[in-house]
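End of the sequence shown = 272 in this note's numbering, gap-free, step of one.
Just so it is clear, CB atoms sit at the ideal spot from N, CA and C, and this is done for glycine as well.
Working notes for the structure below.
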Amino acid sequence: MGWPIAGRRQERLRSGYLLYTILCARPIATAAKSAMITEHSRTAFITGANKGIGKETARQLAQQGFAVFIGARDMTKGREAAEELCNQGFEATFIHLDITDPVSIKNAVGTFSQKADHLDVLINNAAVLEDHGEDITKLNTEMLDRTLKSNVTGPILVTQYFLPYLLKSQSGARVINVSSGAGALHDMNTYAPAYSISKTALNAVTRQFAAALHKQNIAVNCVDPGWVRTDMGGSSASRPVEKGAETIVWLAAEASPTETGKFWHDKREVEW
Ligand code: NAP
Numbered sequence: 001m002g003w004p005i006a007g008r009r010q011e012r013l014r015s016g017y018l019l020y021t022i023l024c025a026r027p028i029a030t031a032a033k034s035a036m037i038t039e040h041s042r043t044a045f046i047t048g049a050n051k052g053i054g055k056e057t058a059r060q061l062a063q064q065g066f067a068v069f070i071g072a073r074d075m076t077k078g079r080e081a082a083e084e085l086c087n088q089g090f091e092a093t094f095i096h097l098d099i100t101d102p103v104s105i106k107n108a109v110g111t112f113s114q115k116a117d118h119l120d121v122l123i124n125n126a127a128v129l130e131d132h133g134e135d136i137t138k139l140n141t142e143m144l145d146r147t148l149k150s151n152v153t154g155p156i157l158v159t160q161y162f163l164p165y166l167l168k169s170q171s172g173a174r175v176i177n178v179s180s181g182a183g184a185l186h187d188m189n190t191y192a193p194a195y196s197i198s199k200t201a202l203n204a205v206t207r208q209f210a211a212a213l214h215k216q217n218i219a220v221n222c223v224d225p226g227w228v229r230t231d232m233g234g235s236s237a238s239r240p241v242e243k244g245a246e247t248i249v250w251l252a253a254e255a256s257p258t259e260t261g262k263f264w265h266d267k268r269e270v271e272w
């Protein structure tokens, strides 16, 4: 039984899907025997995990013993993010995913199914913010459509497509939608109208899925990560990514599975 050095392997799987996986250090014999299942029994899929809060969430979950799946539309950055985790001794797999493209989502689920037979945690993190500084009175509705497609329709489709695998989670699956304080109606102002409207809608999506999946033992929650230093949040933001990912990771791994249909910030339920 030998230990391979960490490296990158491109596999053409029997289904025809292309799986870019990173070989983490593990015995070759074990890898060969169980090529289609993850080494760690708990699995988490994170969209937009090539950078920012998504990438940090993947790192913290890997640290807690999850096999993490890095969903990213950018092949190079997605592979690099998975490779970085593997080089730290964690189990990570890059899966190509554009949340605005149903075919890409379907293919991502197909690729996932070659590696794992269940999904414990789905984190809908990927999103766009295109209208910082814009005003609803002059809002470009094409941009609004694009924003809703990414931030609302995307998470709905990703959850629908992964549902068969969430239902196979032994422990009861968790879906976490990364929302924003900008989507909270109780103190909504003029900030980024398309983005804010999309996050309010994502909160409604959270309530809908939570109610629909309650009896199937799947908890669905949304999180405001606060103002975080990422490409989206900018360099003046008050929080590091570690803090931005904290409540997401807590909901994924520690919070009571009976908590569902709620909006969270800093591990506390907050007003819609
Ligand atoms: P970020 O660094 O800009 O990361 C956004 C991620 O989403 C990137 O990986 C991006 O991929 C991905 N993405 C966007 N559209 C996609 C698509 N169609 N398919 C697949 N991936 C896509 O932003 P972040 O700050 O980490 O944001 C993460 C989440 O936190 C978002 O839901 C955001 O709304 C929320 N949030 C952030 C803050 C903040 O202050 N940063 C505050 C409140 C809420 P590319 O690299 O390819 O663009």
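Check: Burial state of Gln-60 (16 or more Cβ within 10 Å); Outcome: buried
Check: Residue environment, Arg-174, which counts as buried when at least 16 other CB atoms sit within 10 Å; Outcome: buried
Check: Completely contained beta strand (DSSP E) runs for the stretch 94 to 156, where each covers 3 or more residues; Outcome: 121 to 124
Check: Other residues of its chain near Leu-185: CB distance less than 8 Å, five sequence neighbours each side excluded; Outcome: Thr-200, Trp-272
Check: Proximity test, Val-249 beta-carbon vs ligand 1 heavy atom, cut-off 7 Å; Outcome: no
Check: C-alpha gap between Ser-169 and Leu-119, whole angstroms; Outcome: 6 Å
Check: Pair within 8 Å by beta-carbon distance, Thr-93 and Leu-122; Outcome: no
Check: Ser-236 beta carbon near ligand 1 (any heavy atom closer than 7 Å); Outcome: no
Check: Buried versus exposed, by CB contacts within 10 Å (16 or more), Trp-264; Outcome: buried
Check: CB-CB length for Ala-252 against Ala-58, believed under 8 Å; Outcome: Contact doesn't hold; Cβ gap of about 11 Å is too wide.
Check: First and last residue of the uninterrupted alpha helix (DSSP H) at Thr-247; Outcome: 241 to 253
Check: Euclidean distance between Cα positions of Glu-259 and Gly-54; Outcome: 22 Å
Check: 8 Å Cβ cutoff met for Ile-248 and Thr-190; Outcome: no
Check: DSSP-derived helix/strand/coil call for Gly-54; Outcome: helix
Check: Classification of Lys-216 by the beta-carbon crowding that lies within 10 angstroms, buried from 16 upward; Outcome: The sequence given here places Gln at residue 216; Lys does not occur at that position. Exposed, by the Cβ-count rule.
Check: Distance, Pro-225 Cα to Asn-125 Cα; Outcome: 11 Å
Check: Alpha helix (DSSP H) segment containing Arg-79, residue limits; Outcome: 75 to 87
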